[in-house]
Amino acid sequence: MPLAVLGQHYEAIAREWKIPAGAIATTIKIRLHRTPDLETVPKTLGLRLISGPQLSLSFPDWNAIPSLDGGPVVAKFDASLHTLKINDIMVQPAVWSGSIQPGNKESGLFGVFTRKKMEFLEENLGLKYEDFASTAVMPMVRQLLISSDATAILVKRFNEKRPVLEADGRLMWMGTVPWTTIIGVPYVP
Amino acid sequence: MKTYNYIIALLFALTLVSSCSKDLGNYEYKDINELNIAGVTAEYTSRTGIDTLRIKPVIKASMDEADTARYKYLWILQIGANLRDTIGRKLNLNYPVRLKPAAYNLYYRVLDTKTGVTWKADTKVTVTTAFSRGLLIMGEDEQGNAEAEMLSMLKDTIHVRHILSQSGLPVLRDPVSFVHTAGSEDYIKLWAFTKSGSYYLDRATLTATTSNNFAKMLYMSETINPETLQPVAIAPQVRTAAGALGSSLYRAMITKGGEVFAGLPLLSGGDYFNNPVNRVATAQDVRIPAAPYLLYPIGSMSTFMWYDTKNQRFLNYTSIGLATSSVVLTDTPDGLFPWNQPAGRTLLYAENTRNSDGGSTNGNSFAIMKNADNTCLIYKFYANGSAPAKRAAYAVKSIATDFDKAKCYAFSSNRTVVFYTAGNKLYAYDYNPNNEKIYEFPELGNDEVSMIKFDTQIDYVTNSLYVGTYNSATKGTLRRYLVGTNPNVVELLLQPKSTWSNMVKIKDINWRAFN
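Same order as they appear, the protein sequences are chains A and B.
As numbered in this note's numbering, residues 1 to 189 make up the first sequence, in order.
As numbered in this note's numbering, residues 190 to 704 make up the second sequence, in order.
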């Protein structure tokens, strides 16, 4: 995975951190920047703890305990290195009534989830990502309404010859649009 | 050799001893006391909070030495899938019923303590409310306010009064209907439709608050004045005494403001609706005011029609719950009548029946149209599917006095007759072409006729005519008639035990089949 870049994805991190007297821990704060490239590619940032004058690391190495070695076994690794995986990739929300049919066809009420589609819904129907968090906020009857309202707008745009397209060029698809959309197949007017 | 023989003989003797073990079973059977329990029938019906379930079994014992103290009794009611309650420990059951309306298993066990044998008799108890079944009546009280009543018909007929005024709702005006939706348990509602407010009542207690309203059932992306969102019509209607509907999936309603809502409660996760569908695809943003009639075949509703009062045309709504607009119907020059009315023609009335002319198995619908010169036409059509069929058009002859001014109309399903009330008289018009006749009914006297309705809910084959009349002495009276089948005359045959008085001034009646 590509590395996060200082100054672009994160700001400089203080080198020294103090644990106050009487405390047993401190929190290391890292300020991240939400750059557009994080929307598509995740980046990593590694933080390594180094022994200081008063404190040292207790586990410089970590070996798998012989009886507790189920799963992939890493013979040796550096326990002082902590990896942060950073991304701003929008994932499918908890409530999303859409699916893929055999042949990579979009189907269901909402079709396949993409960032562009969520942005389309945010822009045109005044929805937010949080609205799809649970069925308490997004009951089936509301999903039906969104599906038919979004379909109406997509069809209108199509008829006006300014169709709404996904990143791979296919027609954006919602519940009852009259066309079939296949993932990966761009729309050719 | 001898030893050998001795050993063989000894072994032989041993086997003889072991193979002839004795059968220690006891084959002396004694007769014991056997019970025969009679007097527990297969089914009982009780009303919760009203009835006491009394069962008196008759137990015949074969040999109990006349000692009834030897018996222990248990009456066990099955309340839930795994929950049972003992409701009696005596020979007879005397149980004041206070249970949720449902069907329950009841088990009767008699233990003979002397023999240790338990004898049983099982039965079923169906618990209803006092209001589970009967005729729902909407009308006006003496102050002119909307009032609902019920003729509860469980065992005896009980006249339940003051339903709206004691429901907890505010005073309502302009009564329309009191109707039970039937259908799946999760979506059943008991609606009181009035033009000043439509609310659904608690089905068991008949109480309501103003938050039991239609606006709360809507998930829309447009704004509609909530005052106009009072439903005045609902589909599908009940079509049998047991409460069957013409569709187990769909539900449609029209509001006072002329909006048409339709949906599938199962798909919507409840009795909810999205945007109204009284519009056409070419003008999706324009809602069209609908006449308060949902037209569909009573026997089976998969689509429905409605009437556009702005452009004077019948529109069709298919794909219930999926389509967001209705479909314009095309007329051919040789059609029996137009779906899209010529200038000056408007709709007066429409009704669904079980008339099956022309192969309309699930029932034709009728519409009464009025021309600019006040002459009228009757359209008969099958509001079924994406291409509804026109069955006939009848020009109403001038012998039908005041036909265009009638207050109420009612179409028979079984013959070419439409009843109507005008100028405080009841008429029947036989529209059979070239044999048109008009009838009056002096036997009804001078009482105001407030409602006429042919029954397509309880027993559509018989198609009784219910007539509501009113006078200040006996107040509202409901009578049930049969209309004779002699084609040469239209007679009203009053049915026995089918007259109820002291009612409200009746506007509409509907059948409630279950809770």
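From the three backbone atoms N, C-alpha and C, an ideal C-beta is built for every residue, glycine too.
Would you call His351 (chain B) buried or exposed, if buried means 16 or more other Cβ atoms sit within 10 Å of its Cβ? His351 (chain B) should be labelled exposed.
Closer than 8 angstroms, Cβ to any Cβ of chain A: which residues of the stretch 639-672 of chain B, in chain order? Correct list: empty, as no residue qualifies.
So, under 8 angstroms CB-CB, Thr645 (chain B) and Arg543 (chain B) are touching, yes? Tell me the CB distance rounded to an integer number of Å. Arg543 (chain B) and Thr645 (chain B) do touch by the CB rule: their CB atoms are close to 5 angstroms apart, below 8 angstroms.
Give the interface partners of Ser457 (chain B) over in chain A, defined as CB-CB distance under 7 angstroms, in chain order. For Ser457 (chain B), the C-beta contacts it makes with chain A under 7 angstroms involve Met140, Val141 and Leu144, in order along the chain.
Neighbourhood of Gly372 (chain B) by C-beta distance below 8 angstroms, restricted to the same chain and skipping five residues each side: Close CB contacts of Gly372 (chain B) within its chain, under the 8 angstroms cut and outside five residues either way in sequence, are with Leu434, Ser437, Arg440 and Pro454 (chain order).
How many angstroms separate the CA atom of Val516 (chain B) from the CA atom of Phe158 (chain A)? Val516 (chain B) and Phe158 (chain A): Cα-Cα distance of roughly 21 angstroms.
Report buried or exposed for Asn464 (chain B), applying the criterion of at least 16 other Cβ atoms within 10 angstroms of its Cβ. Counting Cβ neighbours within 10 Å, Asn464 (chain B) comes out buried, since at least 16 surround it.
Please list, in chain order, the chain A residues whose beta carbon lies closer than 9 angstroms to that of Thr513 (chain B). Here the neighbours are Ser148, Asp149, Thr151, Ala152 and Thr176.
With three or more C-beta pairs closer than 8 angstroms as the rule, is the stretch 405-419 of chain B touching the stretch 441-461 of chain B? With a cut-off of 8 angstroms on Cβ pairs, the stretch 441-461 of chain B is in contact with the stretch 405-419 of chain B, counting three or more such pairs.
Where does Tyr620 (chain B) sit, in a helix, a strand or coil, going by DSSP? Residue state, collapsed to three classes: coil.
When the distance is taken between beta carbons, is Tyr538 (chain B) closer than 7 angstroms to Tyr598 (chain B)? In this structure, Tyr538 (chain B) lies closer than 7 angstroms to Tyr598 (chain B) by Cβ.
Using three-state DSSP, classify Asn159 (chain A) as helix, strand or coil. Shown here, Asn159 (chain A) sits in a helix according to DSSP, grouped into three states.
Anything in chain A within Cβ reach of Asn463 (chain B), meaning under 8 angstroms, just list it in chain order. Near Asn463 (chain B) (Cβ distances below 8 angstroms), the residues of chain A are Val141, Leu144, Leu145 and Ser148.
Extent of the continuous alpha helix (DSSP H) to which Glu119 (chain A) belongs: Residue range Arg115 to Leu125 is occupied by the alpha helix (DSSP H) that includes Glu119 (chain A).
Excluding the five sequence neighbours on either side, which residues of its own chain have a C-beta within less than 7 angstroms of the C-beta of Ala702 (chain B), listed in chain order? So the qualifying residues of the chain are Arg322, Ala371, Val427, Ala430, Ala431 and Gly432.
So within the stretch 535-567 of chain B, which uninterrupted beta strand (DSSP E) runs reach at least 3 residues, ignoring any that extend past its ends? DSSP runs (the beta strand (DSSP E)) wholly in the stretch 535-567 of chain B: 535-541 and 554-559.
In three-state DSSP terms, what is Phe592 (chain B)? In the structure shown, Phe592 (chain B) sits in a helix (DSSP, three-state: H, G or I).
If you drop the 5 nearest sequence neighbours on each side, which residues of the same chain put their C-beta closer than 8 angstroms to that of Thr535 (chain B)? Residues of the same chain with a CB within less than 8 angstroms of the CB of Thr535 (chain B), apart from the 5 flanking positions on each side, are Thr498, Gln501, Met558 and Lys559 in chain order.
Answer with yes or no whether the minimum CB distance from Tyr376 (chain B) to chain A is below 7 angstroms. Taking a beta-carbon distance threshold of 7 angstroms, Tyr376 (chain B) does not count as an interface residue toward chain A.
Measure from the alpha carbon of Asp168 (chain A) to the alpha carbon of each residue in A:Val185, A:Lys156, A:Ile30 and A:Glu39, then state which is nearest. Of all alpha-carbon atoms in A:Val185, A:Lys156, A:Ile30 and A:Glu39, the one lying nearest the alpha-carbon of Asp168 (chain A) is that of A:Val185.
Where Ser575 (chain B) meets chain A, residues with beta-carbon distance less than 8 angstroms: Within chain A, no residue comes near Ser575 (chain B); the closest Cβ sits about 17 angstroms away, beyond 8 angstroms.
Three-state secondary structure (DSSP) at Glu637 (chain B)? Of the three classes helix, strand and coil, the one that applies to Glu637 (chain B) here is strand, per DSSP.
Look at the alpha carbon of Leu282 (chain B) and the alpha carbon of Val693 (chain B), and state the distance between them as a whole number of angstroms. Distance between the alpha carbons of Leu282 (chain B) and Val693 (chain B) is about 40 angstroms.
Nearer than 6 angstroms: is that true of the beta carbon of Tyr260 (chain B) relative to any heavy atom of the ligand HEM? Summarising the ligand content, the structure contains no ligands, and the ligand HEM is consequently not present.
Is the beta carbon of Gly228 (chain B) sitting closer than 7 angstroms to the one on Val247 (chain B)? Yes, they are a contact pair.
Contacting residues, own chain, Cβ-Cβ under 6 angstroms from Asn621 (chain B) (five flanking each side not counted): Here the set comprises Thr605.
When you compare only the Cα positions, how much space is there between Leu754 (chain B) and Tyr388 (chain B)? One cannot answer for residue 754 (chain B) here, as it falls past the ends of chain B, which runs 190 to 704.
Could you give the distance in angstroms between the alpha-carbon of Met339 (chain B) and the alpha-carbon of Asn660 (chain B)? So the alpha carbons of these two residues sit roughly 20 angstroms apart.
Val475 (chain B), buried or exposed, once every other Cβ within 10 Å from all chains shown has been counted against 16: Exposed, since its Cβ has fewer than 16 Cβ neighbours within 10 Å.
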